[in-house]
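A short write-up of the structure that comes next.
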Amino acid sequence: DAKTTQPPSMDCAEGRAANLPCNHSTISGNEYVYWYRQIHSQGPQYIIHGLKNNETNEMASLIITEDRKSSTLILPHATLRDTAVYYCIVRVRDDKIIFGKGTRLHILP
Amino acid sequence: DTAVSQTPKYLVTQMGNDKSIKCEQNLGHDTMYWYKQDSKKFLKIMFSYNNKELIINETVPNRFSPKSPDKAHLNLHINSLELGDSAVYFCASSQNSGDTQYFGPGTRLTVL
Chain A
53 DAKTTQPPSM DCAEGRAANL PCNHSTISGN EYVYWYRQIH SQGPQYIIHG LKNNETNEMA
113 SLIITEDRKS STLILPHATL RDTAVYYCIV RVRDDKIIFG KGTRLHILP
Chain B
21 DTAVSQTPKY LVTQMGNDKS IKCEQNLGHD TMYWYKQDSK KFLKIMFSYN NKELIINETV
81 PNRFSPKSPD KAHLNLHINS LELGDSAVYF CASSQNSGDT QYFGPGTRLT VL
């Protein structure tokens, strides 16, 4: 079973920042937080991952709380192409990925 | 240029038939995976191979047999297809088992 809890769906206006929350209250010290997304009819796409520190790349930022029990994925300027299901995953590096139900993000024009 | 490719993209077949889905990656990765996404959109790992050796084998019927002729290819053969096998099957690869996984475009299998 997935170790994370995400809202089933969210809306965000185009051009605004999309903030996707994830709860992982049972995370252990050696587990990373990963984010993937799946655009309709495509394979999942890696976005970002982190252990303790906040991370940023060309796609998004990942903010992890100090107690590591929750995190937020931030898409700074959402576009229509960001409409997708976003999966928050907690895993030890060498372990398999267990996908949950994710958050369906709708970007509104 | 496609990093992880799968063929065919669509596969429609009758119950009881045997079919194969092929996957190739040109990323030089050592680890490859097969996932199944059912009609409820749950995405679950089925198999993982590292350097042509099976390392993950989830509870999958033995009608499903992965084969890795070399580390760039991981094919999935399915015997005696059943209605419940209808799903989208995704192949993925990663440098090593703990690294970022890159997914293929998927193969939509429909069993009639």
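Protein chains in written order, with this note's numbering: chain A, 53 to 161; chain B, 21 to 132. Just so it is clear, CB atoms sit at the ideal spot from N, CA and C, and this is done for glycine as well.
Per-residue DSSP class, three states only, for residue i
i	result
residue 103 of chain A	coil
Residue i versus residue j: straight-line alpha-carbon distance, rounded
i	j	result
residue 198 of chain A	residue 110 of chain A	Any question about residue 198 of chain A goes unanswered here, given that chain A covers just 53 to 161.
residue 89 of chain A	residue 112 of chain A	12 Å
residue 67 of chain A	residue 137 of chain A	18 Å
residue 70 of chain B	residue 89 of chain B	12 Å
residue 134 of chain A	residue 123 of chain B	17 Å
residue 121 of chain A	residue 55 of chain A	11 Å
residue 73 of chain B	residue 63 of chain A	43 Å
residue 36 of chain B	residue 80 of chain A	45 Å
residue 31 of chain B	residue 127 of chain B	7 Å
residue 57 of chain A	residue 80 of chain B	26 Å
residue 87 of chain A	residue 25 of chain B	22 Å
residue 101 of chain B	residue 92 of chain B	26 Å
residue 158 of chain A	residue 61 of chain A	8 Å
residue 59 of chain A	residue 91 of chain A	17 Å
residue 130 of chain A	residue 34 of chain B	43 Å
residue 105 of chain A	residue 111 of chain B	31 Å
residue 29 of chain B	residue 72 of chain A	31 Å
residue 124 of chain A	residue 99 of chain B	43 Å
residue 78 of chain B	residue 95 of chain A	20 Å
residue 35 of chain A	residue 75 of chain A	Because chain A is modelled from 53 through 161, residue 35 of chain A falls outside the range shown and cannot be assessed.
residue 104 of chain B	residue 130 of chain B	9 Å
Cβ shell of residue i (< 6 Å), same chain only, five flanking positions each side left out
i	result
residue 58 of chain B	107
residue 42 of chain B	27 and 95
residue 107 of chain A	100 and 114
Residues that residue i bridges to, as DSSP identifies them
i	result
residue 66 of chain A	Looking at the DSSP assignment, residue 66 of chain A forms no beta bridge with any residue, so it has no partner.
residue 110 of chain B	B/55
residue 129 of chain B	B/31 and B/107
residue 90 of chain A	A/137
residue 123 of chain B	B/112
residue 39 of chain B	B/98
residue 160 of chain A	A/65
residue 143 of chain A	A/84
Contact set for residue i: own chain, Cβ-Cβ below 7 Å, skip 5 residues either direction
i	result
residue 82 of chain A	144
residue 56 of chain B	64, 66, 107 and 109
Cβ neighbours of residue i in the same chain (closer than 8 Å, five flanking residues each side left out)
i	result
residue 69 of chain A	126, 127, 128, 129 and 130
**Complete beta strand (DSSP E) runs within the stretch 42–104 of chain B (minimum length 3 residues, chain order)** = Taking only runs of at least 3 residues, the beta strand (DSSP E) segments lying wholly in the stretch 42–104 of chain B are 51–57, 63–70, 73–77, 84–90 and 93–98.
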